[in-house]
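Some notes on the structure that comes next.
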Amino acid sequence: MQMNVEMPSNFDNEIESAIGKAVTSIISKTQSSSAYPEYMDIGTAAKYLGVSRNTFSKKILKDSGIPITVIADRITRIKKSDLDKYMSDKAI
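Residue numbers for the sequence shown follow our numbering, beginning at 9 and rising by one.
Rendered as structure tokens:
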């Protein structure tokens, strides 16, 4: 069985426009995510992931194995790349 499909004459322009919008969106998201420092405190890390501080502390950090850095026995920092890896690992 053979099927012929005719595309509208402006189809190429529409595809190019859609790709351009997608690239612009990705660049915008990348630039806004770089506003976060490389090492974050718990509150900032929770905000970066879009969850509450409580959820981040009690559920994500507790069970995830995300490495934390403790400075002077009380200052906790989480590396941004470790959070990105955690999110990437959770992708389905």
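All residues carry an ideal CB built from backbone N, CA and C; glycine is no exception.
Just so you know, these numbers come straight off a predicted model, no measurement behind them.
For a cut-off of 8 Å, the C-beta gap from Y94 to S72 is around 6 Å, short enough to register as a contact. For K87, the uninterrupted beta strand (DSSP E) run begins and ends at I83 to K87, by DSSP. Counting the other Cβ atoms within 10 Å of the Cβ of F64 gives 16 or more, which makes it buried. Counting along the chain, I50 sits inside the alpha helix (DSSP H) bounded by residues I50 to L57. The beta carbons of I86 and A43 sit about 16 Å from each other, so the pair does not count as a contact at 8 Å. A residue is called buried when at least 16 other Cβ atoms come within 10 angstroms of its Cβ; M9 does not meet this threshold and is exposed. Residue environment for M15: exposed (fewer than 16 other C-beta atoms within 10 angstroms of its C-beta). Contact annotation, I76 with L91: C-beta distance approximately 11 Å; criterion of less than 8 Å not satisfied.
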